[in-house]
Amino acid sequence: MFGQITYRQEKKKRYYAGCATVLGESKSMRLSLTSPSRGTWRLWRAIALDACMPLLAVVVALCLGALVLLGLGKDPILAYGAMFGGAFGTVSGLTQTLAKATPLILVGLGVTIAFRARVINIGAEGQIIVGALGATAFALSFAEWPGWFLLPLTALMGALAGGLWGLVPGILKARLAVNEILSTVMMNAIAFQLMNFLLRGPMLDPAQVAAGTNIPQSAALPAQVWIERVVPRTLFHWGFFLALALAIAVTILLWRTTLGYRIRAVGFNPAAARYAGIPVATVITLAMVLGGSFAGLAGAIEVMGVHRRIVEGISGGYGFNGIVVALFGRLHPLGVIPSAFLFGGLLVGADQMQRTVQVPAALITALNGLVVLMVVSSTYWSQQRIARRQSEAARPSETHAKDEQPLDARLTPDL
Amino acid sequence: MEQLFTLTTLTGILHSTIRLATPYLFASLGETISQRSGVLNLGVEGQMLMGAFAAFFVVVTTGSLLGGVVAAIFVGALLGLLMALVSVSFRAEQGISGIGMYLLGLGLSSLLFRLTLGSVQSVRGFAELALPGLSSIPVLGPALFKHSLLVYVAFALVPLVAYLLNRTTWGLNIRAVGDNPQAADTLGVPVIAIRYATVTVGGAMAAMGGASLSISAVNIFQENMTGGIGFIAVALVYFGGWRPVGVMLGILLFSLVSALQIWLQLVGIGIPSDLAVMLPYILTIIALALAPQRTGQPAALTRPFNRGMV
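Residue numbers (this note's numbering), protein chains in the order written: chain A, 1 to 415; chain B, 1001 to 1310.
As structure tokens, then:
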């Protein structure tokens, strides 16, 4: 009888913890369960605070940016007006924002998966490049194949190439304990040089050679692999909806499948995961490969939907911005969507700002950096809040306090 | 083939090896100090860019080279402090905070450059300084002893940092904080203060590395002119096993391969230049995989210190 009740309580507790995790707040939730009456209110307040944290970071970054602009004799209101107007104010701006959000969602998903296994994938930039190269080379080699067959295969080739690029640092980390941050940085440089080489030699557009202009770009992809535009004469293509669908798929993968459970378990506590019989090395490698294939797919989709050929600078900073997007989305696949929309908009708006009020687009890169610094710091404040509440919760009952020992105070993906 | 590889080319390759090694030396030695105290500063690239810009800006506007160096050190230390605030006090995930610092430095240096100087121009940087006597040694003399002042400073820092880390109380404290902060804390070593100091010094040295490019090696500033040097500098610290001399040897090997690759391009041997450019990166990956480097790794590297939590 007694056991029955505790079992039910335990189940309820887990259910709520699960819900809270989806919303990006688990530790404070588990605490609030100790006092059910005030718990709900506290949970929602905590969730609201946590959701606001990244937004607050953006606002603070914009204010700091405004100060810099003032110091340099530029009108910040004019600049930001041009930026937001350019990104969200017009149909053409909005479609461009959605077009930029597409690769950002995909890269953000890849970074999120890897991060859930506590693998920091800095290599998205290189994975995008090889994904684009792989997809282009494949589509050009089999240009006579029918579209219904060639188009999905081309996208898949991009994902495969990116996955291979993620496999190297993945294996190095899992088997030889090589720091993945460093190896992915090197892989980025190698991918960049590989693109330079291919676009100036083997993959250079024959038309460019004939014209003698030698602009480093490949020949145009066969028309049957072009992704249709949603709005004609804009860059907004159907790949965006593929990215949305994949965000939902990744949510299911992470929270409803064994692999996802293993990834999160490894990220949460590798030693415990190993003890529980999870093949940690394989899971780490797999997380890196998945991360790489999402970035590679982003490269392929960018080629098929926007440029229709591979051009120099195809990665366009999406690799690093994808990290910002993933962090801002609270490392949750669904959080990545609004986050990508915002940062895609900032990228479009930055170009607009540079054209109309002559404020360099580099401002946005600097602001993104500030946002990252603030978001990673904000974990500390959430933790402080939890610790405070914990000491409050400890007072009425000692036993609960023992159960809710604080976890390591770092940006640990919540299980 | 024989006439291609003469003593003059040997001198030339060695000379450019030393020259290429300089920015890496500054950045990697600074990174060595901060990593020995347990903090991974991945924002070196951003700090280098800001240092390069600050030094260049001051030299363009005032003409004072000393002013340029001071400006770089000041800006680098400031960014180091910011990094310490985020990584030490706020206990942020160090791999990510470094990316934030990189983006901040990359964006801010480009923004400031565009809005203040605008176009690419060159400055009169540090002149070549031939050490009397030493530079007249055949082959080696011109290769090793005909460089600008900052090159000598960079190499002089190697024994200096080694001495600091291994032979002084400060160094002992830094290493203690990096290996076992809890124990160091128990013995009264100010863990947080030491980590702040090392990350700040590391930032200043990274900025010097940037300055060694913009006012000594190439004498211009361009957006994103470091092009990944800062990230590689971090990798070379792992490669060098967290010992200043080891780090220097790693840097020299990396620079030698880079110099050889440039020479290969110049003489036009049939390797596509873009493929040859990959060589140093591939080499670094292989070195990271094969080197028995984990033995020297500070035990608490990337672990934030939080008193009361073990």
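Built from N, CA and C at the ideal position, the CB exists for glycine as well.
Three-way DSSP call (helix, strand, coil) for residue i in this model
i        : result
L1129(B) : strand
Q1297(B) : coil
K1146(B) : strand
H1015(B) : helix
Q354(A)  : helix
V311(A)  : strand
I1073(B) : helix
S391(A)  : helix
I1220(B) : strand
S141(A)  : helix
R1307(B) : coil
Alpha-carbon spacing of residue i relative to residue j, whole angstroms
i        : j        : result
N269(A)  : L254(A)  : 16 Å
T1017(B) : L1283(B) : 16 Å
V225(A)  : S293(A)  : 19 Å
L235(A)  : Q96(A)   : 6 Å
A298(A)  : V1153(B) : 45 Å
E125(A)  : D205(A)  : 23 Å
R116(A)  : A273(A)  : 13 Å
A326(A)  : R118(A)  : 13 Å
S1089(B) : L1078(B) : 15 Å
L1150(B) : I284(A)  : 43 Å
N121(A)  : V178(A)  : 13 Å
V1191(B) : P1181(B) : 6 Å
F320(A)  : S1136(B) : 48 Å
A1259(B) : G162(A)  : 31 Å
Q354(A)  : L1085(B) : 32 Å
V230(A)  : G305(A)  : 10 Å
S377(A)  : P54(A)   : 10 Å
Exposure label - residue i; buried when at least 16 CB within 10 Å
i        : result
A1183(B) : exposed
R1307(B) : exposed
E1045(B) : buried
T102(A)  : buried
R175(A)  : exposed
V416(A)  : This structure cannot settle anything about residue 416(A), because the visible part of chain A is limited to 1 through 415.
Q383(A)  : buried
E144(A)  : exposed
F241(A)  : exposed
Y1163(B) : exposed
K193(A)  : Before going on, a small fix: residue 193(A) reads as Gln here, not Lys. Buried.
P1280(B) : buried
V289(A)  : buried
Y380(A)  : buried
P169(A)  : buried
A350(A)  : buried
W44(A)   : exposed
F1026(B) : buried
P1138(B) : exposed
Partner residues on chain A for residue i, Cβ-Cβ distance less than 8 Å
i        : result
G1095(B) : I120, I122 and I181
I989(B)  : A query on residue 989(B) cannot be resolved here, the shown segment of chain B reaching from 1001 to 1310 and no further.
R1114(B) : P360 and A362
A959(B)  : It is not possible to answer for residue 959(B), since the shown part of chain B is limited to 1001 through 1310.
Below-8 Å beta-carbon distance, residue i vs any chain E residue
i        : result
R1091(B) : Although the question refers to chain E, the structure presented lacks it and instead comprises the protein chains A and B.
Sequence-distant residues of its chain with Cβ nearer than 8 Å to residue i (five each side left out)
i       : result
M1(A)   : With a pLDDT of 38 at M1(A), under the threshold of 50, the predicted position of this residue should be treated as unreliable, though the coordinate-derived value follows. Once the five neighbours on either side are set aside, M1(A) has no close Cβ partner at all.
L62(A)  : Y80 and L367
V348(A) : G86, A87, G93, Q96, T97 and K100
A281(A) : A174 and R175
Contacts of residue i in chain B (Cβ-Cβ under 7 Å)
i       : result
P103(A) : Chain B residues near P103(A): none, gap ~17 Å exceeds 7 Å.
Q390(A) : Ordered by position in chain B, no residue passes the 7 Å Cβ test against Q390(A), which lies about 12 Å from the chain.
Interface residues of chain A facing residue i [CB-CB closer than 7 Å]
i        : result
T1284(B) : M186
R1019(B) : The premise fails here: R1019(B) is roughly 20 Å from chain A at the closest Cβ pair, so nothing lies under 7 Å.
L1014(B) : Result: empty, since nearest Cβ-Cβ is about 24 Å, beyond 7 Å.
Same chain, Cβ closer than 7 Å to residue i, five either side skipped, listed in chain order
i        : result
F1221(B) : A1052, F1053, F1056, F1113 and S1214
T1186(B) : none
A57(A)   : V371, M374, V375 and S378
Cβ neighbours of residue i in the same chain (closer than 6 Å, five flanking residues each side left out)
i        : result
P1304(B) : R1091
L1157(B) : L1029
R1195(B) : S1037, V1039 and V1088
I1073(B) : A1204
Partners in chain B for residue i, counting only beta-carbon separations shorter than 8 Å
i       : result
I128(A) : Simply none; closest approach about 16 Å.
F320(A) : I1099, Y1102 and L1103
Contact list for residue i against chain B, beta-carbon separation under 9 Å
i       : result
Q217(A) : Going along chain B, no residue has its Cβ under 9 Å from Q217(A), so there is no contact; the nearest lies around 15 Å.
V107(A) : Result: empty, since nearest Cβ-Cβ is about 13 Å, beyond 9 Å.
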